[in-house]
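The numbering of the sequence shown is this note's numbering, which starts it at 13 and goes up by one. Worksheet for the structure shown next.
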Amino acid sequence: MTAPNQHRVADEEVAETPVGEMIGNISNDLSQLFRQEVELAKAELKQEAAKAGKAGGMLGGAAFAAYLAVVLLSFALVFALDAVMPAGWAALIVAVLWGVIGGVLYVNGKNKLKTVDPMPRRTVDTLKEDAQWLKNPTG
């Protein structure tokens, strides 16, 4: 059979296919497409959740490290400054220093969280393409 004959046979099969069966096939195809889009959205959201978890872990680690540093180094610095000034002033200076460090850690963690994108962009793009195709399947 040559290629033109194959096309003619396929055209005849399509012409003989009942409308109900064609609608059923379209429905099945749309259902499968929807399931694939949902799976893509799940994959994207999982990836973004992992990024958010890492950022949260970094913030938690930074807070714990800052706490330990404040406790241990504050005592050492207060005792060192106590040699040249009253202990109250030494403790105030140390507290301000660790407040600045904590602020820097907070800003860095907050900026990391801004890179997390909760919108499944690829899924949205493919849904737009699917909707466009449904409006104009031949073009």
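Backbone N, C-alpha and C define an ideal beta-carbon position, used for all residues, glycine too.
Can you give the Cα-Cα distance for residue i and residue j, rounded to whole angstroms?
i, j, result
"glutamate 51", "isoleucine 105", "55 Å"
"methionine 131", "leucine 146", "23 Å"
"isoleucine 38", "glycine 72", "50 Å"
"arginine 134", "lysine 140", "10 Å"
"glycine 121", "threonine 138", "32 Å"
"threonine 29", "serine 43", "20 Å"
"valine 90", "glycine 111", "15 Å"
"alanine 81", "leucine 117", "13 Å"
"aspartate 142", "asparagine 40", "15 Å"
"alanine 88", "glycine 65", "34 Å"
"glutamine 7", "valine 136", "Missing from the structure shown is residue 7; the chain here goes from 13 to 151 and no further."
"valine 119", "glycine 100", "29 Å"
"lysine 126", "lysine 63", "11 Å"
"valine 148", "alanine 74", "It is asparagine, not valine, that sits at residue 148 in the sequence shown. Going by the C-alpha atoms only, they are around 53 Å apart."
"valine 31", "methionine 70", "59 Å"
"leucine 109", "glutamine 144", "58 Å"
Would you call residue i buried or exposed, if buried means 16 or more other Cβ atoms sit within 10 Å of its Cβ?
i, result
"methionine 13", "In this prediction, methionine 13 has a pLDDT of 47, which is less than 50 and means its spatial position is unreliable; nothing more can be read from the coordinates."
"isoleucine 102", "According to the sequence provided, residue 102 is alanine. The question's isoleucine does not apply to it. So alanine 102 counts as buried."
If distances are taken between C-alpha atoms only, which option among the options comes closest to residue i?
i, options, result
"leucine 84", "Ala107, Val128, Ser43 and Gly69", "Ala107"
"alanine 61", "Ile35, Val128 and Ala99", "Val128"
"glycine 115", "Ala143, Lys66, Val31 and Tyr79", "Tyr79"
"lysine 124", "Leu109, Ile35, Ala67 and Gly36", "Ala67"
"alanine 77", "Ile35, Leu45 and Ile113", "Ile113"
Inset, instruction - Assess, as a yes-or-no matter, whether the region 84-98 is touched by the region 44-58 under the definition of 3 or more beta carbon pairs within less than 8 Å. - result: A contact between stretches requires three or more CB pairs, one per stretch, nearer than 8 Å, and the region 44-58 fails this requirement with the region 84-98.
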